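Shown next, in structure tokens, is the structure this report addresses.
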Amino acid sequence: MTSPAEQSASTPSLSLAPDNTVPSTPDLNTERTFRLGPSGGHGGEAFEQRGLPGMRPIGVAVRHAALIDAVSLIWPNQKDETPAAGGEGGTLTQVMFADGETLVQIRGRHGAHLDGLELTTSAGQVLTFGGPGGTHEFAYDVPTGTTLTGLFGRAGIYLDALGIILTAEQPKTAPAKKPGARKPSAKKPVAPNAAEKPAVAKPAVRKKNDPEGSEATPKEAEDGAAAPARNRASAKAKSPVKPKG
Numbered sequence: 001m002t003s004p005a006e007q008s009a010s011t012p013s014l015s016l017a018p019d020n021t022v023p024s025t026p027d028l029n030t031e032r033t034f035r036l037g038p039s040g041g042h043g044g045e046a047f048e049q050r051g052l053p054g055m056r057p058i059g060v061a062v063r064h065a066a067l068i069d070a071v072s073l074i075w076p077n078q079k080d081e082t083p084a085a086g087g088e089g090g091t092l093t094q095v096m097f098a099d100g101e102t103l104v105q106i107r108g109r110h111g112a113h114l115d116g117l118e119l120t121t122s123a124g125q126v127l128t129f130g131g132p133g134g135t136h137e138f139a140y141d142v143p144t145g146t147t148l149t150g151l152f153g154r155a156g157i158y159l160d161a162l163g164i165i166l167t168a169e170q171p172k173t174a175p176a177k178k179p180g181a182r183k184p185s186a187k188k189p190v191a192p193n194a195a196e197k198p199a200v201a202k203p204a205v206r207k208k209n210d211p212e213g214s215e216a217t218p219k220e221a222e223d224g225a226a227a228p229a230r231n232r233a234s235a236k237a238k239s240p241v242k243p244k245g
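The numbering used here puts the sequence shown at residues 1 to 245.
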């Protein structure tokens with residue numbers, strides 16, 4: 001691996017292009033671009049590969065033999081395009097990603113050029129290219145909340161230096177739920193209490209020989225109804241019994 005001094009000189013930490021200032025808290029509500037690297041030699045010419053805004057790579061193409069000759073990301077609208085950064089030597093290898101699969105780490109070895117390259121995807125796929133040479137190692141991890149959306153560095157007949165371009169992902173927000181119409185609550189009829197019986201009004205009884213027509217109490221009415229029977233029984237008891245002839 002590169003020493004801390006060399007790493008700080010050739011592979012700066014997460015920085016915001018193009019002014020190389022490090023944001024304290026990236027704003028994920030807007031698309032912002034970051035860079036890691038590059039690592040490698042100083043030969044060749046500077047290059048940068050990026051897709052259209054919002055576009056994500058769907059594969060990678062590498063030309064390689066003992067060294068890394070060229071490298072390029074593959075975009076949805078250019079599946080058959082050959083690597084653009086580097087020469088035309090070596091063997092061309094193209095790898096297409098599965099749906100939703102992205103690059104999460106790039107490792108490599110270099111001297112004056114890139115000797116070896118190792119790419120790891122979010123699906124756990126590890127792709128190895130190049131030879132065993134190189135005196136320095138480097139590694140770039142894609143931080144959580146970002147996506148690798150481009151490559152940059154230096155290249156001539158070989159790939160001399162390589163870095164990655166990251167884009168902060170926008171947070172996904174769930175759509176607001178519409179309030180549903182409230183159904184009117186149906187009131188259940190109250191069943192009458194079986195223990196409660198309706199009161200039955202008793203007919204009024206008038207007192208006998210009452211010119212005002214005042215009503216008698218139930219007790220008085222009961223006594224008045226029983227009086228004729230008592231009078232008849234009393235008269236029968238007092239009348240003499242006639243002897244049989």
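Ideal Cβ positions, reconstructed from N, Cα and C, are used throughout, including at glycine.
Note that the structure is predicted; figures quoted are calculated from it, not measured.
For the stretch 64-134, the continuous beta strand (DSSP E) assignments of 3+ residues that do not extend past its boundaries occur at 68-74, 91-96, 103-110, 114-121 and 126-130, in sequence order. Straight-line spacing of the CA atoms in Val71 and Thr144 works out to 24 Å.
Looking from the CA of Tyr158, the closest CA among Gly130, Thr147, Gly87 and Ala123 belongs to Gly87.
Annotated as distal: Leu117 and Leu166, with beta-carbon spacing of 9 Å or more.
Straight-line measurement puts the Cα of Ala85 at about 22 Å from the Cα of Gly54. DSSP places His136 in the strand class (E or B) of the three-state scheme. Put simply, the stretch 118-127 does not touch the stretch 149-157. Fewer than three CB pairs are less than 8 Å apart. Here His64 is not near Gly100, since their CB atoms are 9 Å or more apart. As the crow flies, the alpha-carbon of Phe34 is around 17 Å from that of Thr102.
Non-local beta-carbon contacts of Ile74 in its own chain, meaning distances under 8 Å to residues more than five positions away in sequence, involve Pro57, Ile58, Gly59, Val60, Ala61, Glu81, Gln94 and Met96 in chain order. With a cutoff of 9 Å on beta-carbon distance, Gly153 and Gly40 are scored as near each other. Ile164 sits in a strand when the DSSP states are folded into three classes. Within the same chain, Arg154, Ala155 and Gly156 come within 8 Å of Glu45 by CB-CB distance, once the 5 residues on both sides are set aside. In the assembly as shown, His42 is an exposed residue. Its beta-carbon has fewer than 16 other beta-carbons within 10 Å. Boundaries for Glu169: no beta strand (DSSP E) harbours it, and the DSSP string shows neither H nor E there. The C-beta of Asp115 has 16 or more other C-beta atoms within 10 Å across all chains shown, which makes the residue buried.
Annotation: Leu119 to Arg32 spans about 24 Å, alpha carbon to alpha carbon. Our two residues, Gln170 and Val142, have alpha carbons roughly 15 Å apart in a direct line. Counting only the Cα atoms, Gly51 lies some 32 Å from Thr135.
For Gly111, the number of other beta carbons within 10 angstroms of its own is below 16, and it is reported as exposed.
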